[in-house]
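Visitor: Okay, handing you the structure first.
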Amino acid sequence: MSTTKGNLSARDLEVIWHPYTQMQTAPAPIGIVRGEGACLYDEDNNAYIDATSSWWVNIHGHAHPHIAKQLAAQALELQHCIFAGYTHPPAVNLAERLLQILPANQRRVFYSDNGSTAVEVALKMALQYWDNKGQRRHKIIAFKNAYHGDTFGAMSVSGRSVFTRVFDDFLFEVHFLDVPTPDNIDHLIADIKAQQPDQIAAFIFEPLLQGSGGMIMYDIPAFDQLLSFCKDNHILLIADEVMTGFGRTGKNFAMEYVQTAPDMVCLSKGLTGGSMALGITTSTSNIYEAFLSADKLKTLFHGHSFTANPLACTVALASLDLFTDPACAQQRQRIHEKHQHFLQELTSMAPVKNPRLLGTILAFELVTDGADGYTNQLADHLHRFFRSKRIMLRPLGNTLYILPPYCITNEQLDLVYASIRELVSQLH
Ligand SMILES: *Cc1c(COP(=O)(O)O)cnc(C)c1O
0 MSTTKGNLSA RDLEVIWHPY TQMQTAPAPI GIVRGEGACL YDEDNNAYID
50 ATSSWWVNIH GHAHPHIAKQ LAAQALELQH CIFAGYTHPP AVNLAERLLQ
100 ILPANQRRVF YSDNGSTAVE VALKMALQYW DNKGQRRHKI IAFKNAYHGD
150 TFGAMSVSGR SVFTRVFDDF LFEVHFLDVP TPDNIDHLIA DIKAQQPDQI
200 AAFIFEPLLQ GSGGMIMYDI PAFDQLLSFC KDNHILLIAD EVMTGFGRTG
250 KNFAMEYVQT APDMVCLSKG LTGGSMALGI TTSTSNIYEA FLSADKLKTL
300 FHGHSFTANP LACTVALASL DLFTDPACAQ QRQRIHEKHQ HFLQELTSMA
350 PVKNPRLLGT ILAFELVTDG ADGYTNQLAD HLHRFFRSKR IMLRPLGNTL
400 YILPPYCITN EQLDLVYASI RELVSQLH
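Numbering (numbering that gives the first Met the number 0), first residue to last: 0 to 427.
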């Protein structure tokens, strides 16, 4: 086996099939050999600023020593153990600590592997909840343009798009709503009424903003009104906080911006600080109790081989140590304030449309000839431009956004802003 320095990318091209990548036209991938803070380093030791947190997962920076040490210690104790009939300290400790910071009505933690599985579990819990109660509620509602993952259930509740097109005939039916605005909220509620609310099992949503859909932010009071109407009609509320959780939007969880409490919460991405795959679905005791019975058919028959993997739970605990330290909230506030200044500047740039900010997420569209959206041709150009600047920004179509690890320094943020400034000036 050849491991010569510098040829990672060529070896990759012989054997790897990358996600979300048209392998025929995509530029060869850059080999990354190490990470530190907000930077990743290639084989020649060039630093790349990870301005989108490696697909939105990283919150405390790369190769964080606290996470690494805890992981190494746990690996010498217990690496994995079946989670039916057995339990272990990392799983119990993590559940106890998470329930302390999640919305107060969340009482049970169900483990799985990633964001998509956390969504699958929530959907199954919702549908079986009603079945266990002997009520026929088979409809599910979601937002148009939503993204909840790439497995079939998660795709079904996601907006129909270029991502799902080939599979649309195989996806179950979902009633889709526009995202709420002060102008359309009455119409949205009328729309749900017309769907016979007593047949709707659940409403699944990305709280406050759609991530993959293009960093689309909602009007908070209208959103809350929609949730509250669903709650009054006993429609179970599934908050998919896979992207918004762990401080992204400014608060610990995006649901803290609204009055209405969710029935279930899905977590992944930042859960382990972005260092390992782990998914969690939490529920209220009301949902949990609907599965308690002498009748075995009321059991939630779901589980994965690596459910509650002790190593993954341990890194999630290590990440929580860092996340609950007040220094982390200060870092998020600092990023928010820096973003605010840059937002002002963006407002005056002609090729920039709809600049917006929520917590540590700054987003805007670039005015182009093509339609807005993921397939906009400008995306490839933008991607190459930022690669050449050694800044990892991966636009969603003509939507550009910065979603950095909380440890990014002011100097690094300034470099990201400068690269955007240069790009925009070229578009003039
Ligand atoms: C990324 C994402 C998912 C899917 O998570 P994976 O770990 O990629 O399967 C689900 N929901 C939301 C809101 C996401 O952003």
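C-beta: ideal position from N, C-alpha, C; glycine also.
Quantities reported herein were computed from a predicted structural model and do not represent experimental measurements.
Suppose the cutoff is 7 Å on Cβ atoms and the five residues either side in sequence are ignored; what does the same chain contact list for T306 look like?
Guide: Excluding sequence neighbours, T306 sits near F82, Y110, S111.
Visitor: Check whether the Cβ atoms of T280 and D218 sit closer than 9 Å, and answer yes or no.
Guide: Not closer than 9 Å, so no.
Visitor: From the DSSP output, in three-state form, read off A353 for me.
Guide: For the record, residue 353 in the displayed sequence is Asn; it is not Ala. Three-state DSSP puts N353 in a strand.
Visitor: Would the segment 60 to 78 count as touching the segment 287 to 303 if we require 3 or more Cβ pairs under 8 Å?
Guide: Because the criterion of three Cβ pairs below 8 Å is not met, the segment 60 to 78 and the segment 287 to 303 do not touch.
Visitor: Please report the Cβ distance between L187 and D177, rounded to the nearest whole angstrom; I am assuming they are in contact, meaning their Cβ atoms lie under 8 Å.
Guide: Contact flag correct, Cβ pair sits at about 7 Å.
Visitor: Helix, strand or coil for Y19, going by three-state DSSP, please let me know.
Guide: Here Y19 sits in coil by DSSP.
Visitor: I need the boundaries of the alpha helix (DSSP H) containing D413, first residue and last residue.
Guide: Its alpha helix (DSSP H) spans residues 409 to 426.
Visitor: In angstroms, rounded to a whole number, what distance separates the CA positions of M0 and L7?
Guide: The pLDDT assigned to M0 is 43, lower than 50, so where the model puts this residue is not dependable, and the model offers no usable value.
Visitor: Using the C-alpha atoms, what's the distance from A94 back to Q376?
Guide: When rounded, the distance between both Cα atoms is 44 Å.
Visitor: Tell me the rounded alpha-carbon separation between L345 and K132.
Guide: Their Cα atoms are separated by approximately 53 Å.
Visitor: So A62 and P403 are in contact, right, with Cβ under 8 Å, and what is the actual spacing, rounded?
Guide: Contact doesn't hold; Cβ gap of about 16 Å is too wide.
Visitor: Using 9 Å as the threshold, is the C-beta distance between I407 and I360 below it?
Guide: Contact: no.
Visitor: Determine, using beta carbons only, whether L365 and R355 come nearer to each other than 9 Å.
Guide: No. Outside cutoff.
Visitor: Sorry if obvious, but does the Cβ on N113 come closer than 8 Å to a heavy atom of ligand 1?
Guide: It does: the Cβ of N113 is within 8 Å (strictly closer) of some heavy atom of ligand 1.
Visitor: Quick check on the burial criterion: 16 or more other C-beta atoms within 10 angstroms. Buried or exposed for D197?
Guide: So D197 counts as exposed.
Visitor: When you compare only the Cα positions, how much space is there between Q134 and H233?
Guide: Taking the straight line from one Cα to the other gives about 12 Å.
Visitor: Hey, quick one: how far does the alpha helix (DSSP H) through V14 stretch, first residue to last?
Guide: From DSSP, the alpha helix (DSSP H) with V14 extends over 7 to 14.
Visitor: Going by Cα to Cα distance, which pick from A121, T116, I139, D130 is closest to D149?
Guide: Of the listed residues, the one whose Cα sits closest to D149 is T116.
Visitor: Confirm the yes/no value for this check: CB of S267, any heavy atom of ligand 1, distance under 8 Å.
Guide: Result yes, Cβ under 8 Å from ligand 1.
Visitor: Can you check DSSP and say which residues form a bridge with G278?
Guide: Bridge partners of G278: S111.
Visitor: Hey, how far is the Cα of R386 from the Cα of L392?
Guide: So the alpha carbons of these two residues sit roughly 8 Å apart.
Visitor: Nearest to T367 by CA position, among V351, D41, G358, G302, is which residue?
Guide: Nearest C-alpha to T367: V351.
Visitor: Excluding the 5 residues preceding and the 5 following E410 in the sequence, name in chain order all residues of the same chain whose CB lies nearer than 8 Å to its CB.
Guide: Nothing listed; no residue qualifies.
Visitor: Which ranges would you report for the beta strand (DSSP E) in the segment 30 to 66 if only whole runs of at least 3 residues count?
Guide: Counting whole runs of 3 or more residues, the segment 30 to 66 contains the beta strand (DSSP E) stretches 31 to 35, 38 to 41, 46 to 48.
Visitor: Examine ligand 1 and report whether any of its heavy atoms sits within less than 8 Å of the Cβ of T306.
Guide: For ligand 1, not one heavy atom lies less than 8 Å from the Cβ of T306.
Visitor: Can you tell me which of the three DSSP states V156 falls into?
Guide: Looking at V156 - three-state DSSP - the assignment turns out to be coil, as it is neither helix nor strand.
Visitor: Does the segment 234 to 251 come close enough to the segment 119 to 131 that 3 or more CB-CB pairs lie under 8 Å?
Guide: Enough Cβ pairs lie closer than 8 Å, so yes.
Visitor: Should P26 be labelled buried (16 or more other beta-carbon atoms within 10 Å of its own) or exposed?
Guide: Result: exposed.
Visitor: Looking at the secondary structure, which residues open and close the alpha helix (DSSP H) in which L98 lies?
Guide: Here the alpha helix (DSSP H) through L98 covers 88 to 100.
Visitor: Please specify which runs of the beta strand (DSSP E), each continuous and at least 3 residues long, are wholly inside the segment 161 to 198, giving them in chain order.
Guide: Listed in chain order, the complete beta strand (DSSP E) runs (minimum 3 residues) inside the segment 161 to 198 are 174 to 176.
Visitor: Taking the beta carbon of W55 as the centre, do at least 16 other beta carbons fall within 10 Å, making it buried, or is it exposed?
Guide: Buried, by the Cβ-count rule.
Visitor: Please return the same chain residues whose Cβ sits closer than 7 Å to the Cβ of D190, not counting the five positions on each side in sequence.
Guide: The residues are L176.
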